[in-house]
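These notes concern the structure reproduced below.
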Amino acid sequence: MGWKGVLGFDYGVVQAPLGPDISGPELAPAVANAGAIGLLRLPDWSAPDHVRELIRRTRSLTEKPFGAAIVLAFPHEENLRVVLEEKLAVLQVYWGEFPKERVDEAHRAGVKVLHQVGNLEEAAKAKEAGVDGIIVQGREAGGHVIGQEGLLPLLPRVVDLVSDSTISVIAAGGIVDGRGYAAALALGAHGVCLGTRYLLSLAFL
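Have a look at this one:
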């Protein structure tokens, strides 16, 4: 099933979470209003009141669905609770384990789950957990890079891994234009995830 079929967005493009000071309630709604999926990058510390404020500020700027991203290696339980209470469209998780019981918890709240991975073993765990989408991050990516494999060899292996499921596969790492998007689709991805490219968007110029 394709990206739109699973997540309901207009285009197969997701805005990668660049950092709490960048991927906030200015960029995320701008991306959502353009038909892609905007992600709020939640802080790496427990700040539930601040997270709720970020979500509500973002909602005041868009009627489109958007999501939030959490780094699992840092304190996140209270922030995650707010995401589920606010019933965001999607939760992106990375740098850590997110087992089936947590995915089921998100699903009960009506929240789709994307797990960002850097190798095939992580992708297999994400599939077993029942996530809605897997973001395959190659080492070409900026920021928090979790794996050592390039996107080109890793992506088709993950596509094959989940070919018997409805999980969407999103490619990330060094994609900055339509050529990269087309290449990712040719390798079997349903969409792409861009981060650094947004630093040159109108939201920052």
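In the working numbering, each number is its position in the sequence shown, counted from 1, plus 3. Glycine included, every Cβ here is placed at the ideal spot set by N, Cα and C. As the structure is a prediction and not an experimental result, all values here were calculated from the model.
| Query | Result |
| --- | --- |
| Residue range of the beta strand (DSSP E) that residue 73 falls in? | 70 to 74 |
| Taking the continuous beta strand (DSSP E) assigned at residue 186, which residues delimit it? | Here residue 186 belongs to no beta strand (DSSP E); instead the alpha helix (DSSP H) covers 181 to 189. |
| Tell me which residue opens and which closes the alpha helix (DSSP H) that residue 103 is part of. | 103 to 111 |
| Any contact between the region 104 to 116 and the region 183 to 201? By contact I mean 3 or more CB pairs, one from each, below 8 Å. | no |
| Can you tell me whether residue 44 is buried or exposed, with buried defined as 16 or more other CB within 10 angstroms of its CB? | buried |
| Thinking just about the alpha-carbon of each residue, which of 108, 105, 150 is nearest to the one in residue 125? | 150 |
| Once you ignore the five residues that flank residue 103 on each side, which residues in its own chain have a CB closer than 6 Å to its CB? | 132, 133 |
| DSSP three-state call for residue 198: helix, strand or coil? | coil |
| Are residue 170 and residue 138 touching if we call contact CB-CB under 8 Å? | no |
| Could you name each continuous beta strand (DSSP E) segment of 3 residues or more that falls completely within the region 134 to 186, going from the start of the chain to the end? | 136 to 140, 171 to 175 |
| Do you know whose CA, among 147, 174, 78, lies nearest residue 158's CA? | 174 |
| So which of 84, 120, 19, 123 has the shortest CA-CA distance to residue 53? | 84 |
| To the nearest angstrom, how far is it from the Cα of residue 66 to the Cα of residue 59? | 11 Å |
| Would residue 69 and residue 32 be called neighbours here (beta carbons separated by less than 8 Å)? | yes |
| Would you say residue 154 and residue 145 are within 8 Å of each other, going by their C-beta atoms? | no |
| Pull up the DSSP beta-bridge partners for residue 40, would you. | 17 |
| With residue 128 as the anchor, note down where its alpha helix (DSSP H) starts and where it stops. | 123 to 132 |
| Would you mind stating whether residue 41 and residue 30 have Cβ atoms separated by less than 8 Å? | yes |
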